[in-house]
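Right, one structure below, let's go through it.
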Amino acid sequence: MQLMGLRAIAPGPFTSTKAPEHKVYPYMLRDLKITRSNQVWSSDITYIPVMGNFMYLCAIIDWYSRKVVAWSLSTTLDAEFCVSCLERAIARYGAPEIFNSDQGSQFTSEEFIKILEKNKIRISMDGRGRFLDNIIIERLWRSLKYELIYIQEFVSVPELRKGFMTWFESYNKERFHQALGYQTPDEIYELDKAA
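What the sequence shown shows, in the working numbering, is residues 27 to 221, in sequence order.
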């Protein structure tokens, strides 16, 4: 396979390590009817292979409109890149009512939780190993990887960052979603905010 330039599509490094003494928050989205933008945001981290190493991508998505409200790229799995992603999202779009994530140490860090609490955002967390609890962002990762990462090799971090900028902009402004009545995330988000 290597001689032919092929590589297997396989799971990468484990990105969700629980902080040792973090508070466990309940999962609040089960049976919740999501009816408006900024009602629920969720976040997750995925790994991105680049130049024989990995980079880590954090994204925050609005569940109602499917709009990616912020994303951040890092060479490490520290909490800071998730914190800055959250701060940018809130500064640009205001605070959601509920924020859902897994129980990874980045999302259970003291600094991350303080920002949520300061903005009076209710905290929801997936059950351990329950990726379906955060299915909206898991679907985003699938689209991103199959439409960009698996088909294009990035040779530098600036090139990767530019690729993400283009892809996320297209996803928000041009991607029609069947679940949204064949409208784009931006259209749904803006219509809802104008109402």
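For glycine and all other residues, C-beta sits at the position ideal for the given N, C-alpha and C. All of these numbers come straight from a predicted model, not from anything done at the bench.
- Taking TYR197 as reference, the option from SER150, ILE163, ARG62 with the minimal CA-CA separation is ILE163.
- Within a 10 Å sphere around the beta-carbon of ALA205 sit fewer than 16 other beta-carbons, which makes this residue exposed.
- The C-beta separation of SER100 from MET81 comes to about 7 Å, placing the pair in contact by the 8 Å criterion.
- As summarised for the region 123-164, the continuous alpha helix (DSSP H) elements at least 4 residues long and confined to that stretch are 136-144, given in chain order.
- The C-beta distance from CYS84 to ILE71 rounds to 5 Å, short enough to fall under 8 Å.
- Listed as beta-bridge partners of ASP70 by DSSP are ALA85.
- In terms of Cβ geometry, SER110 and ASP218 do not form a close pair [threshold 9 Å].
- Here DSSP, grouped into helix, strand and coil, assigns ALA96 to strand.
- MET77 counts as exposed, since fewer than 16 other C-beta atoms from the protein chains shown sit within 10 angstroms of its C-beta.
- For THR210, the closest of SER182, ARG92, THR192, LYS140 by C-alpha to C-alpha distance is ARG92.
- The bridge partners DSSP lists for GLN209 are HIS203.
- DSSP places ARG62 outside any alpha helix (DSSP H), giving it a letter other than H or E.
- Counting only residues of its own chain and dropping the five nearest sequence neighbours on each side, LYS146 has a CB closer than 8 Å to the CB of ALA121.
- Straight through space, the alpha carbons of ILE214 and VAL95 are spaced by roughly 13 Å.
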